[in-house]
Amino acid sequence: MRTKTIKASLLLLLFNSILILISFGQEIPPFVYTVENTGVDCTAPPLPAFADLPVIKPLTDPFEWSDRSGRDTTFANWTRRRAEIKAEIEHYEIGLKPDRPDTISAFYANDTLTVHVVKNGDTLTLISPVILPEGEGPFPAVIGIGLPSGFIPADIFTSRDIAQIEFNYTQVMAHTQSRGHEPINKLYPDLIYMGAYSAWSWGVSRLIDGLELVSGDLPIDLEHLAITGCSFAGKMALFAGAFDERIALTIAQESGGGGAAAWRVSETLGAVETLGSTSHAWFIEDMFQFAGRNVSKLPHDHHELMAMVAPRALFVIGNPSYIWLADESGYVSCEAAKRVWENFGIEDRFGYSIVSDPNHCFPFPAAHKPRVEAFVDKFMLGDTLVNTDIAVHPYADYVIPAYWTEWWGKGDPYFPVFDRGESEEVWYEAECSTVGAAWNVRLDTMASNGSYAVVKPGLNNNKAPADSGAAIYFPFNVASGNTYYVYGRVNSPTYDNDQYWIKIDDEPYVYNRTYLTEGWEWNKFAGYTLSAGEHTLSIAFRSEGFKLDKICISEFYYPPGEKGEPAEFSCVPDTTTKPYVVITLNDEAAAGAYSLGQNFPNPLNDKTTIDFELPRNTYASLKVYSILGEEIAELAGMEYPAGKHTVEFNARNLSGGMYFYTLKTAGFSATRRMIILAE
-13 MRTKTIKASL
-3 LLLLFNSILI
7 LISFGQEIPP
17 FVYTVENTGV
27 DCTAPPLPAF
37 ADLPVIKPLT
47 DPFEWSDRSG
57 RDTTFANWTR
67 RRAEIKAEIE
77 HYEIGLKPDR
87 PDTISAFYAN
97 DTLTVHVVKN
107 GDTLTLISPV
117 ILPEGEGPFP
127 AVIGIGLPSG
137 FIPADIFTSR
147 DIAQIEFNYT
157 QVMAHTQSRG
167 HEPINKLYPD
177 LIYMGAYSAW
187 SWGVSRLIDG
197 LELVSGDLPI
207 DLEHLAITGC
217 SFAGKMALFA
227 GAFDERIALT
237 IAQESGGGGA
247 AAWRVSETLG
257 AVETLGSTSH
267 AWFIEDMFQF
277 AGRNVSKLPH
287 DHHELMAMVA
297 PRALFVIGNP
307 SYIWLADESG
317 YVSCEAAKRV
327 WENFGIEDRF
337 GYSIVSDPNH
347 CFPFPAAHKP
357 RVEAFVDKFM
367 LGDTLVNTDI
377 AVHPYADYVI
387 PAYWTEWWGK
397 GDPYFPVFDR
407 GESEEVWYEA
417 ECSTVGAAWN
427 VRLDTMASNG
437 SYAVVKPGLN
447 NNKAPADSGA
457 AIYFPFNVAS
467 GNTYYVYGRV
477 NSPTYDNDQY
487 WIKIDDEPYV
497 YNRTYLTEGW
507 EWNKFAGYTL
517 SAGEHTLSIA
527 FRSEGFKLDK
537 ICISEFYYPP
547 GEKGEPAEFS
557 CVPDTTTKPY
567 VVITLNDEAA
577 AGAYSLGQNF
587 PNPLNDKTTI
597 DFELPRNTYA
607 SLKVYSILGE
617 EIAELAGMEY
627 PAGKHTVEFN
637 ARNLSGGMYF
647 YTLKTAGFSA
657 TRRMIILAE
């Protein structure tokens, strides 16, 4: 009775609101539809082969036509655009979701809904327990995946006279399907390669078909259906809600990668559920050609999967405590998707709550409950006075969603360059640091300082390097303990030259790779929580031809633009192939006449030798300094004859870290860096 009372009390208010909006010429998007797919008759979009797809590195524009002929933000054409997104997701990710078969029967008895679906001479049966409130109804209903209310507390629904209907997804396809041997495959033997999210969405739609067929016996309010699930079932709920427009409210809980999170954003976050690491059983095999940097060729992303729910209601629940869920990506994706609802003037129909909790799915975090209740009250019970302006997340201090979406409606895709404010930053030219023997220095007018470091031909290393000559070393000092992000300006046009090893201080090397680039571009290498003081960044070769121009170590979360700021140390590049060849000069004219060699060995544990060469008899000073500029030792300070000289330096009593040594004569000065390993 509560549902009827609220509807009656708000009918006049809703009618008046409609009159007001009509008077301003605005179309009110409906809360729900009576058909599964309003775009069934829309013309199919172009679906190019992988090789013919353009690269779009930011998030794709949900209002841009698939053929890139323009964009349309009107609600009148949203059905067509939504149909394009659906076709892309089916074609590139989950496989075709079959249409409703001609032969479906259903009956309701003993608190159980049974649906028989017949196709190609075979029958698939769905059996769903139903929990009905007391009274006559009709009652709003939630379809819970795996449990009658999913992992949402059941009292949210029982206290509001909302029915609960359990969807047993295994009756359609197992969690880890055996392709071609699942119940749905008997009905569609030509679709044996379909992903689970296509199959499960089909199953939810057939369950709703059954509800329609037994409406005379099972008093369900078909205009107020919700669906919910958690984890992989959270993805399932999102796909089902996106693909069936008879669902008024979708609640996707902790859906992670493949759910609310955007594949492109997740790819930048490290050890999270990326496109390449998600389950092959859930998606079609062809999707995995978009793994890694290829994700930028995907013509859509999951903010558009969420946008398919519009103009209906969607509430997303996240849990950043589980890193795998990629909820930072989920937040960016939510903010991107929300712009679709905002564009149509119905932003109250979309919300999200991203709150850390030590548990995954169960028990349900108390912080989410009133927020879920608000969406239930408004979109299942019709209480339009409830506030559903909900956008809760922990990323306000550093994540800027506009980085991924600013280009929308402004032409070709691009990433914006933000004001970096007061962020502490350290800049290095790769060729001006301590360059190992595995690297060459080459000239390029498009590179910062006109030169860059590149891994020598034929060098590939699938194991973490042990030889000090494999790396370039970047000593740096930070003023405060904080999280710092490492960005590298790289040129990686192919998959043959995009891999490297990276480490900070004495931590183990970690394998990494860059996005494919068009010329020189900044890539995020890693993020580290560092203490104040001295540190060393090491970049070692993994694949030949890897090109590194510049390094930025910054508190700011997003990469620099163009060539960035001037480096802390500049140099005159030496493009010979000797190990450790790059020197820092303050008298360029003297570069060809004097030389200061790289100490050997480097890095060192105790003793090392340093060579220098003089073109004529002259006084020469050679001193060692700490990274703070304190003089540690004087190795030479006398008149030397022309020629090559060698001195020895004993560092046994020094702590590990980065040090400098400087050779000075009248008119010439050169500085190099040495690394002393901690014992």
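Sequential numbering of the sequence shown, starting at -13, is according to my numbering. The C-beta atom is built at its ideal place from N, Cα and C for all residues, glycine as well.
Other residues of its chain near residue i: CB distance less than 6 Å, five sequence neighbours each side excluded
{"i": "Glu551", "result": "Trp413"}
{"i": "Trp393", "result": "Pro44, Pro399, Tyr400"}
{"i": "Arg66", "result": "Cys28"}
{"i": "Ser540", "result": "Ser409, Glu411, Tyr471"}
{"i": "Gly189", "result": "Val158"}
{"i": "Phe646", "result": "Tyr611, Thr657, Arg659"}
{"i": "Ile151", "result": "Ser114, Val116, Ala127, Ile129"}
{"i": "Ile213", "result": "Ile129, Ala223, Ala226, Gly227, Ile233, Thr236"}
{"i": "Gln485", "result": "Arg499, Arg528, Ser529"}
{"i": "Glu79", "result": "Phe269, Met273"}
Separation of residue j from residue i, as counted between CA atoms
{"i": "Leu235", "j": "Ser315", "result": "22 Å"}
{"i": "Phe1", "j": "Glu13", "result": "Summary for Phe1: the model assigns pLDDT 38, below 50, so the residue's position carries little reliability, and this model does not support an answer."}
{"i": "Phe10", "j": "Asp375", "result": "Residue placement at Phe10 cannot be trusted, given a pLDDT of 37 that sits under 50; what the coordinates show is reported in the next sentence. So the alpha carbons of these two residues sit roughly 24 Å apart."}
{"i": "Ser252", "j": "Leu311", "result": "9 Å"}
{"i": "Ser471", "j": "Tyr514", "result": "The sequence given here places Tyr at residue 471; Ser does not occur at that position. Their backbone Cα atoms lie some 6 Å apart in a straight line."}
{"i": "Val358", "j": "Pro48", "result": "26 Å"}
{"i": "Glu410", "j": "Trp487", "result": "25 Å"}
{"i": "Asn483", "j": "Tyr438", "result": "14 Å"}
{"i": "Met294", "j": "Glu328", "result": "14 Å"}
{"i": "Asn447", "j": "Tyr497", "result": "10 Å"}
{"i": "Glu616", "j": "Val464", "result": "17 Å"}
{"i": "Gly166", "j": "Trp186", "result": "15 Å"}
{"i": "Ala450", "j": "Tyr495", "result": "6 Å"}
{"i": "Leu367", "j": "Pro126", "result": "7 Å"}
{"i": "Ala246", "j": "Trp268", "result": "15 Å"}
{"i": "Glu670", "j": "Ser319", "result": "Here the chain has residues from -13 to 665 only, and residue 670 is not among them."}
{"i": "Trp508", "j": "Pro545", "result": "6 Å"}
{"i": "Cys538", "j": "Asn477", "result": "15 Å"}
{"i": "Pro356", "j": "Val372", "result": "11 Å"}
{"i": "Asn636", "j": "Thr431", "result": "40 Å"}
{"i": "Thr156", "j": "Gly278", "result": "31 Å"}
{"i": "Gly474", "j": "His161", "result": "40 Å"}
{"i": "Ala73", "j": "Leu39", "result": "15 Å"}
{"i": "Tyr691", "j": "Glu554", "result": "As shown, the chain starts at -13 and ends at 665. That puts residue 691 outside it, with no answer to give."}
{"i": "Val403", "j": "Gly547", "result": "6 Å"}
CB contact flag (residue i, residue j, <8 Å)
{"i": "Leu590", "j": "Ile662", "result": "yes"}
{"i": "Pro119", "j": "Asp147", "result": "yes"}
{"i": "Cys28", "j": "Gly136", "result": "no"}
{"i": "Ala296", "j": "Trp390", "result": "no"}
{"i": "Tyr183", "j": "Glu271", "result": "no"}
{"i": "Val440", "j": "Gly531", "result": "yes"}
{"i": "Val281", "j": "Leu261", "result": "yes"}
{"i": "Gly643", "j": "Glu520", "result": "yes"}
{"i": "Ile303", "j": "Val258", "result": "no"}
{"i": "Ser339", "j": "Val378", "result": "yes"}
{"i": "Ala219", "j": "Gly132", "result": "yes"}
{"i": "Ser466", "j": "Ala518", "result": "yes"}
Beta-carbon proximity list for residue i, same chain, < 7 Å, skipping 5 on both sides
{"i": "Leu582", "result": "Ile569, Phe598, Leu649, Ala656, Arg658"}
Rounded Cβ spacing between residue i and residue j (contact assumed at less than 8 Å)
{"i": "Arg192", "j": "Tyr19", "result": "Not a contact, Cβ separation roughly 17 Å."}
{"i": "Ile71", "j": "His289", "result": "Not a contact, Cβ separation roughly 10 Å."}
{"i": "Pro115", "j": "Ile206", "result": "Not quite, the Cβ-Cβ distance comes to about 14 Å (not below 8 Å), so this is no contact."}
{"i": "Ser52", "j": "Pro31", "result": "4 Å"}
{"i": "Asp334", "j": "Asn305", "result": "No, Asp334 and Asn305 are not in contact; Cβ-Cβ is about 24 Å, not under 8 Å."}
{"i": "Leu82", "j": "Leu177", "result": "6 Å"}
{"i": "Ala628", "j": "Pro587", "result": "Rounded, the Cβ-Cβ distance is 27 Å, inconsistent with contact."}
{"i": "Trp249", "j": "Leu284", "result": "6 Å"}
Cross-strand partners of residue i (DSSP beta bridge)
{"i": "Tyr645", "result": "Ser612, Met660"}
{"i": "Phe460", "result": "Leu523"}
{"i": "Ala247", "result": "Gly243"}
{"i": "Ile237", "result": "Thr214, Phe301"}
{"i": "Gly623", "result": "Ser607"}
{"i": "Asn636", "result": "Lys593"}
{"i": "Gly130", "result": "Glu152, Thr214"}
{"i": "His631", "result": "Phe598"}
Same chain, Cβ closer than 8 Å to residue i, five either side skipped, listed in chain order
{"i": "Lys172", "result": "Asn106, Asp108, Leu110"}
{"i": "Ile90", "result": "Val101, His102, Val103, Val104, Arg192, Asp195, Gly196, Leu199"}
{"i": "Ala652", "result": "Thr604, Tyr605"}
{"i": "Asp97", "result": "Pro115, Val116, Ile117, Leu118"}
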